[in-house]
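Have a look at the structure below before the remarks.
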Amino acid sequence: MDKKHNKHYGNETHLKHHFSNYQNTLKDIEKLNAQNNGATFAPNQFSDLSDEEFSAQFTGAKVHGKPKGGVPYKNLQNSRTKRATLPDNFDWRDKNAVTSVKNQAKCGCCYAFASLASTESVFYIANNYTYDMSEQQIVSCSPDTQNQGCAGGYIDETLETIAKNGVGLEDEYPYTSGTTGNVTACVENQPRYAFISNYTVVTSYDEDEMKEAIYTKGPAVVVIDSRQLKSYDKGILDPVKPADGWKIDHAVSVIGYGVNAKGVTFWWAKNSWGSSWGGLNGFFKVRRGTNALDLGNTILIPLV
1042 MDKKHNKHYG NETHLKHHFS NYQNTLKDIE KLNAQNNGAT FAPNQFSDLS
1092 DEEFSAQFTG AKVHGKPKGG VPYKNLQNSR TKRATLPDNF DWRDKNAVTS
1142 VKNQAKCGCC YAFASLASTE SVFYIANNYT YDMSEQQIVS CSPDTQNQGC
1192 AGGYIDETLE TIAKNGVGLE DEYPYTSGTT GNVTACVENQ PRYAFISNYT
1242 VVTSYDEDEM KEAIYTKGPA VVVIDSRQLK SYDKGILDPV KPADGWKIDH
1292 AVSVIGYGVN AKGVTFWWAK NSWGSSWGGL NGFFKVRRGT NALDLGNTIL
1342 IPLV
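Counting from 1042, one number per residue, gives the positions in the sequence shown under the working numbering.
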């Protein structure tokens, strides 16, 4: 049993398996900290999992070659801001436009959490009112999409279904799949209060356009390679591209950007592994301008 993280292993075979994983994770943490690339790493609730177990249980993003719909950001003429006038540091939390960090737990539905995190933010920006939206409704009720509940899904298709069908509130349709790992049948005729009009698509790998879009429109939903987030604690994550390339498996909401005292630029991102993950209350910082984690692959912002 892992008392700190309330884990029960059941029998000695499972205990040995997870202890072996924990030892391997500690070795990985030692290597990552030795690189001294701007971030620190530490044991956490995922340390007893293999990388494969971690990805299978706590991520869930899939990607198309390109988003199925949306409107290119560069076509939104009413949102143009001279990039030279943008502030060096900007965080939507300072505008009270970022809702609390949630926990997808053991369900591969980050696509729902990240999409709704950004949707909640743009609704606050537009209406000055906080909506706590129902991830379970997205996980259980996404008709006409290729989303697969706890087995993964797509951020573009999730935004499409919010635009078409809307989404209700968490207290009326609470999240349960993280506890069970299963997807309950859709509760039909559940109220849906929030609809987006569309979403905008930022040019892939154009981090300058992404910076402008986040400042003018709100937090962006992006997909990333989560492998180096498994043991992240704090600091600016500046990962080395893996020998086998980036592998998209996770979605997060990018809520702002900044530059530190040494001149290193970064993104602020909101994760969906609970506020106890990492040393920044469930948020993290990742290097900006280098396509770290393949963060520029798909960049979408809901439009109210």
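All C-beta atoms, glycine included, are put in the ideal place defined by N, C-alpha and C.
For Gly1209, the secondary structure class from DSSP, reduced to helix, strand or coil, is coil.
Cα atoms of Ser1159 and Ala1138: separation of roughly 9 Å, rounded to the nearest angstrom. Taking the Cα positions, Trp1133 is about 47 Å away from Glu1053. In this structure Asp1274 touches Gly1320 by the C-beta definition: roughly 4 Å separates them, less than 8 Å. Under the DSSP assignment, Thr1221 falls in the alpha helix (DSSP H) whose first and last residues are 1218-1221. If you keep only unbroken alpha helix (DSSP H) runs of at least 4 residues inside the segment 1220-1280, you get 1248-1258. At the C-beta level, Gln1145 and Phe1154 come within 8 Å of one another.
Residue environment: Val1327 is assigned as buried (16 or more neighbouring CB atoms within 10 Å of its CB, all protein chains considered). Leu1334 is the residue among Leu1334, Thr1306, Pro1283 whose C-alpha sits nearest the C-alpha of Val1263. Beta-bridge partners assigned by DSSP to Val1293: Val1263. Within the segment 1057-1134, the complete alpha helix (DSSP H) runs of at least 4 residues fall at 1092-1099. Between Glu1161 and Thr1186 the beta-carbon gap is near 20 Å, outside 8 Å, which marks them as no contact. Shown here for Asp1266: same chain residues with a beta carbon closer than 7 Å to its own, the five before and five after excluded, namely Trp1287, Lys1288, Ile1289, Asp1290, Leu1334, Asp1335 in chain order. DSSP places Thr1160 inside the alpha helix (DSSP H), whose first and last residues are 1151-1168. Between the beta-carbon of Gly1276 and that of Ala1075 there is about 14 Å, and that puts the pair past the 8 Å contact cut. Where Val1327 is concerned, the enclosing beta strand (DSSP E) starts and stops at 1324-1328.
If you look at Lys1311, you'll find it in the beta strand (DSSP E) that goes 1306-1311.
For Ile1340, DSSP records a beta bridge to Val1243, Val1263.
Within the same chain, Cβ atoms closer than 8 Å to the Cβ of Ala1226 are found at Ser1181, the five residues on either side in sequence being excluded. By the neighbour-count definition (other C-beta atoms within 10 Å, threshold 16), Glu1071 is an exposed residue.
Put simply, the segment 1227-1245 touches the segment 1106-1119. At least three CB pairs are less than 8 Å apart.
By the neighbour-count definition (other C-beta atoms within 10 Å, threshold 16), Gln1269 is a buried residue. Counting only the Cα atoms, Asp1279 lies some 14 Å from Gly1304. Under the three-state reduction of DSSP, Ala1192 is assigned to strand.
Between Tyr1172 and Leu1341, the alpha-carbon positions lie close to 20 Å from each other. Annotated three-state conformation of Val1300 is strand, per DSSP.
In this structure, Phe1236 and Ile1203 form a Cβ contact; the two beta carbons are roughly 7 Å apart against a cut-off of 8 Å. The beta-carbon distance between Tyr1063 and Ser1096, rounded to whole angstroms, is 17 Å. This is too long to meet the 8 Å contact definition.
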